[in-house]
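Worksheet for the structure shown next.
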Amino acid sequence: MNQKYSLDIVNVVNDYSSWKQEASVFLKKGLQRIGPTYKKAVYKQYTDGTYRTEVQKPDWLGYMGPVLMAEEGDTVVVQLRNAASRPYSIHPHGLNYSKGNEGALYPDNTGPELKRDDSVAPGRTVIYEWSLPESHSPTSQDSNCMTRFYHSHVSPPRDINSGLIGPLIVCKKGTLDLHGDRSGDYMYALLFMVTDENFSWYLDENIRTYITNPARGLKEDEDFIESNKMHGINGFLYGNLPGLSMCQGNKIHWHLMALGNEVDMHSVHFHGQILTTLNHHTDTISLFPASGTTAEMVADTPGHWLLTCTVNDHLMAGMQALFEIKKCFPNVHKPRPHGELRQFFIAAEEEVWDYAPTVPTDRLADMFVTRGRNRIGSRYKKVRYVEYTDNTFMTKMLRSPEEQHLGILGPVLRAEEKDTIRVVFKNKASRAYTIQPHGVQYSIEQDGTLYHNELEVVTPPPAALVKPGTLHTYEWLADCLTYMYYSAVDPVKDTNSGLVGPLLVCRPGSLKKGVQKNYNKEYHLMATVFDENLSWYLDDNIKTYATVPTSVNKEEEGFVESNKMHALNGFVYRNLPGLTMCKGDKVTWHLSGLGSEADINTLYFQGNRFLYRQNRRDTISVFPHISHTVTMEPDSMGQFEVVCPTVNHYRGGMRANYTVEKCSMFQRQGEVMLHSKTYYIAAMETDWDYSPNRTWEAEMFTGQERYHLQGGFIGSRYKKVVYRQYTNDKFTKQVERTADMEHLGIMGPMIHANVGDKVKVVFKNMATRPYSIHANGVKTETPDVHQTQPGQTHTYTWYVNKNTGPTTEQEECSVSAYYSTVDVAKDLYSGLIGPLVICRRKEMSLSFPFDTCVVCFFVCAAINGYVYGNVNGLNMEVGDKVYWYLMGMGNEVDIHTVHWHGHSVEYKVQKNQHTLSLTAYKHYCRM
């Protein structure tokens with residue numbers, strides 16, 4: 001079947017304006033501010049190719065283009081006319097196309113006939129044909145309809161920020177109607193994006209139009225730049241998104257998308273509702289740039305509910321909307337479950353908290369924990385949730401030794417699915433606070449968030465503003481999984497002040513006396529950068545702990561940075577107590593995140609792997625307001641690290657130790673290592689050129705000077721240190737890379753291992769400073785990694801047992817990284833990293849289950865150490881089965897969403913699913 005669309009690109013004036021006073025930074029017009037109104041380019045739909053009658057789109061789409069839809073087997077025909085003032089195109093994610101229908105301008109070595117689609121000049125019309133074959137369609141494990149999008153691709157960052165973006169819905173055969181997935185009642189497509197008007201093609205025109213006398217250098221002014229970043233949902237800020245209305249009992253399909261820059265990592269929270277996505281229940285969904293997801297929701301409790309990105313900066317900047325659930329049919333209601341009533345008595349209390357009771361010896365810690373004339377140090381006034389025995393709030397519940405690791409977190413609230421949770425909350429602090437939960441359902445009157453309802457002026461309900469000295473009783477209905485609770489009078493300031501705790505909801509029958517059955521240990525970890533600059537108590541802390549308070553400049557960069565505590569449960573630099581377990585214990589870890597754009601934390605467990613959704617890992621990424629549960633049966637003994645290896649977080653102290661002890665005389669028989677493999681690898685210094693061929697760069701970026709050796713720039717060549725393989729322990733003859741390994745670039749050789757292998761790496765340090773070689777996920781004799789001095793050789797031995805290899809739910813092979821750990825950050829950025837591929841053992845075969853294997857490593861705006869199309873060797877034949885191993889390392893900005901033009905990839909979470917983009921996290925590897 002053909003799906004035909006007639007689209008026009010036109011220039012419009014878009015108004016981001018809002019009623020909110022806090023929006024003034026972004027939306028108020030001033031002498032040197034553009035204000036709320038910007039010229040943009042948008043896609044519009046017409047009934048046919050005559051472009052006489054416009055198809056009116058729903059108000060909630062905002063400036064996005066119309067919703068394009070297709071189901072398996074369809075051909076999508078788009079007639080695109082450009083009525084705007086400059087060249088644009090249209091490029092789809094999620095559909096199959098030929099090179100002549102790609103709609104993307106880049107140096108792809110095609111001739112004029114295949115270039116006409118790349119850029120549509122003003123006044124021209126081009127017809128695109130795309131198809132939706134089975135290879136691009138949802139799998140049996142996907143939703144009926146998946147969320148994709150389309151955009152202009154002449155210069156994607158500028159085109160998209162100018163407004164040329166729209167939703168594309170691709171569905172299984174027989175599931176699509178005019179309103180999307182026919183199994184639902186309503187469909188909404190939402191784009192979460194920090195639209196950066198500084199990147200718009202129309203910035204200069206907007207300055208000329210809306211600023212009478214622009215100051216010299218205005219476009220370089222930091223405050224002006226910030227004022228042009230619009231934190232919107234479909235281009236609307238601060239609750240202005242219209243038209244999100246539904247009836248109680250309606251089945252809603254939410255198509256959620258994100259696009260943009262490093263800051264466009266979003267945690268989308270639906271208040272009071274439970275959604276299903278990827279076969280899991282949640283109320284908060286994480287999005288990456290250039291990604292989309294589909295979630296299903298049955299509208300439950302009537303009211304005007306908040307829909308927001310809970311990333312702190314985005315929340316403050318207005319990435320909020322309201323959706324209305326109406327009681328359309330009086331007899332329609334959801335029967336309430338009759339589980340157990342779980343009652344808790346919790347107070348908010350102010351106290352002094354020490355992030356580092358044991359002074360760290362790490363020299364990097366001084367900046368954060370040392371008190372001085374204009375530095376606060378490690379002790380801060382904060383506010384915590386504290387549990388009491390009853391509603392008199394006279395006797396505190398003492399924490400057991402098993403609970404000491406909770407640190408600053410409030411008590412663990414445990415319940416089973418279908419239970420009712422009742423929390424009697426007393427505010428013993430000096431200002432208003434609340435309790436706002438994730439993952440449970442409640443009435444609008446029990447919403448613990450203070451937010452403005454634009455549709456009617458109302459007094460905040462008592463649940464949203466519990467004043468000092470008063471009580472409020474909350475009641476919530478439990479669903480399932482790991483969540484959190486927090487105060488939400490001001491969610492940013494309240495949580496940075498300390499008010500957060502874990503909420504654990506389990507399957508029926510899985511709790512015994514309030515504790516999880518079938519597990520020996522239960523641990524909760526909250527990873528966040530507590531920003532004391534955003535605490536309600538900053539001024540109190542300056543007066544109390546700075547030795548010369550009057551010398552403090554709250555805007556001074558060093559002071560601001562010193563107050564950012566990179567903590568696990570409120571402790572830094574290995575101060576977190578209580579993480580002790582026995583070898584062979586069944587341990588469950590409940591992991592949560594909180595914070596702002598920098599708080600995409602990656603937790604790495606040294607020494608022992610865990611299971612997450614039937615996948616074996618040692619690393620997991622945690623978004624703000626997102627929680628995960630993983631299980632571990634530790635089989636390596638000793639003291640190990642659990643850390644966030646993101647460079648700034650690691651250096652800032654987001655590290656803890658956990659200890660595995662031998663608690664039983666019974667010793668499980670160790671695995672027999674069937675095979676031994678030896679690799680000879682050296683660290684050697686070299687001059688590395690990130691861009692040896694400048695053809696791509698010259699064609700795409702005329703005048704680009706970033707990689708040119710002039711004007712104070714180093715250029716594209718840097719001294720680096722790399723891992724390289726040799727033929728034997730003499731280290732005289734280097735192993736030549738074959739054509740299929742050419743793509744590895746700066747990375748070291750690919751090390752292969754099967755479960756049951758013992759891998760010996762004979763490592764020679766041919767560089768000028770100490771280095772090492774350590775691999776994630778393997779077993780070693782000791783947690784300590786030997787430092788190999790210059791000129792020395794050391795043999796590292798890795799054991800690949802069954803707890804290291806992939807599970808039966810994963811692909812046959814998985815990828816990890818090996819790297820130097822002498823100074824993890826500097827060694828990595830100097831070039832020392834390589835891939836380790838571990839496979840399940842197949843007795844009758846020594847070959848790998850694919851035709852082509854490709855490893856891609858993302859850091860420093862490079863792929864395998866190359867920029868601007870310089871990666872060579874990515875060659876394959878039509879019909880090949882290709883495995884892509886993706887690795888990401890680095891800092892907060894190193895979240896990379898990888899998009900394959902014209903092809904879908906199949907990946908496994910628990911079952912096979914299709915996507916056009918995968919995300920490579922910091923210090924995280926996936927296939």
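For the sequence shown, UniProt numbering assigns the number 1 to the initial residue and increments by one for each residue that follows. Positions of the beta carbon are idealized from the N, C-alpha and C atoms, including for glycine. These figures come from a predicted structure and were not determined experimentally.
Contact under 8 Å by Cβ, residue i with residue j
{"i": "His-774", "j": "Tyr-819", "result": "yes"}
{"i": "Met-193", "j": "Leu-259", "result": "yes"}
{"i": "Asp-118", "j": "Tyr-128", "result": "no"}
{"i": "Asp-362", "j": "Tyr-573", "result": "yes"}
{"i": "residue 979", "j": "Gly-163", "result": "Beyond the ends of the chain as shown, which are 1 and 927, falls residue 979; an answer cannot be given."}
{"i": "Asn-569", "j": "Leu-503", "result": "no"}
{"i": "His-136", "j": "Gly-103", "result": "no"}
{"i": "Asn-615", "j": "Glu-809", "result": "yes"}
Residue i, buried or exposed, once every other Cβ within 10 Å from all chains shown has been counted against 16
{"i": "Phe-571", "result": "buried"}
{"i": "Ser-200", "result": "buried"}
{"i": "Met-876", "result": "exposed"}
{"i": "Pro-122", "result": "exposed"}
{"i": "Ala-678", "result": "The amino acid occupying residue 678 in the given sequence is Thr; Ala does not appear at that position. Looking at its Cβ environment, which holds fewer than 16 other Cβ atoms inside 10 Å, Thr-678 is exposed."}
{"i": "Asn-563", "result": "buried"}
{"i": "Cys-644", "result": "buried"}
{"i": "Asp-635", "result": "buried"}
{"i": "Ser-140", "result": "exposed"}
{"i": "His-675", "result": "exposed"}
{"i": "Ser-400", "result": "exposed"}
Helix, strand or coil at residue i according to DSSP, with G and I counted as helix
{"i": "Asp-687", "result": "strand"}
{"i": "His-566", "result": "strand"}
{"i": "Ala-464", "result": "helix"}
{"i": "Gln-21", "result": "Any reading at Gln-21 must be qualified, since the residue scores a pLDDT of 44, below 50, and its modelled position is unreliable; no value is offered."}
{"i": "Ser-847", "result": "With a pLDDT of 41 at Ser-847, under the threshold of 50, the predicted position of this residue should be treated as unreliable, and no value is reported."}
{"i": "Met-297", "result": "strand"}
{"i": "Asp-880", "result": "coil"}
{"i": "Trp-536", "result": "coil"}
{"i": "Met-69", "result": "strand"}
{"i": "Pro-112", "result": "helix"}
{"i": "Tyr-907", "result": "strand"}
{"i": "Met-741", "result": "helix"}
{"i": "Met-230", "result": "strand"}
{"i": "Ile-444", "result": "helix"}
{"i": "Asp-8", "result": "strand"}
{"i": "residue 939", "result": "Limits of the chain in this structure are 1 at one end and 927 at the other, which puts residue 939 out of reach."}
{"i": "Gln-320", "result": "strand"}
{"i": "Glu-220", "result": "helix"}
{"i": "Arg-208", "result": "helix"}
{"i": "Ala-488", "result": "strand"}
{"i": "Val-60", "result": "The residue asked about is misnamed: residue 60 is Trp in this sequence, not Val. Three-state result, Trp-60: helix."}
{"i": "Trp-201", "result": "coil"}
Distance between beta carbons of residue j and residue i, contact taken as under 8 Å
{"i": "Glu-71", "j": "Thr-175", "result": "6 Å"}
{"i": "Ile-274", "j": "Asp-264", "result": "At roughly 25 Å, the Cβ-Cβ gap does not stay under 8 Å, so Ile-274 and Asp-264 are not in contact."}
{"i": "Pro-138", "j": "Val-67", "result": "About 17 Å; that fails the 8 Å criterion."}
{"i": "Gly-407", "j": "Leu-576", "result": "6 Å"}
{"i": "Ser-6", "j": "Gln-45", "result": "7 Å"}
{"i": "Tyr-43", "j": "Gly-62", "result": "In fact, because the Cβ distance is near 12 Å, the residues do not count as touching under 8 Å."}
{"i": "Tyr-388", "j": "Ile-435", "result": "Actually they are not in contact, since the Cβ atoms of Tyr-388 and Ile-435 sit about 14 Å apart, beyond 8 Å."}
{"i": "Asn-541", "j": "Lys-381", "result": "5 Å"}
{"i": "Asn-14", "j": "Gly-235", "result": "6 Å"}
{"i": "Lys-733", "j": "Thr-727", "result": "5 Å"}
Proximity test, residue i beta-carbon vs the ligand GDP heavy atom, cut-off 7 Å
{"i": "Lys-758", "result": "As presented, the structure is devoid of all ligands, the ligand GDP included, so that no description of it is given."}
message: So, does the segment 624-641 touch the segment 583-601, judging by three or more C-beta pairs under 8 Å?
response: Yes, they touch.
- prompt: Is the segment 794-812 close to the segment 736-747, with three or more CB pairs under 8 Å?
  reply: With the cut-off at 8 Å, the segment 794-812 and the segment 736-747 do not touch.
message: Whether or not the segment 106-117 and the segment 169-185 are in contact is what I'm after, with contact meaning three or more pairs of Cβ atoms, one per stretch, closer than 8 Å; do they touch?
response: Short answer: they don't touch.
query: Taking contact to mean at least 3 C-beta pairs separated by less than 8 Å, is the segment 682-692 in contact with the segment 711-720?
result: By the criterion of at least three beta-carbon pairs nearer than 8 Å, the segment 682-692 is in contact with the segment 711-720.
query: Touching or not, the segment 383-397 and the segment 291-309, by the rule of three or more beta carbon pairs under 8 Å?
result: The count of Cβ pairs closer than 8 Å, one atom from the segment 383-397 and one from the segment 291-309, stays below three, leaving the stretches out of contact.
message: Taking contact to mean 3 or more Cβ pairs, one atom from each stretch, closer than 8 Å, check whether the segment 200-214 and the segment 280-294 are in contact.
response: Counting Cβ pairs under 8 Å, fewer than three are found: no touch.
field: Stretch-stretch touch, CB-based, cutoff 8 Å, three pairs: the segment 759-773 with the segment 783-797
entry: These segments touch.
- prompt: Does the segment 645-654 come close enough to the segment 823-833 to have 3 or more Cβ pairs within less than 8 Å?
  reply: Output reads yes: the segment 823-833 touches the segment 645-654.
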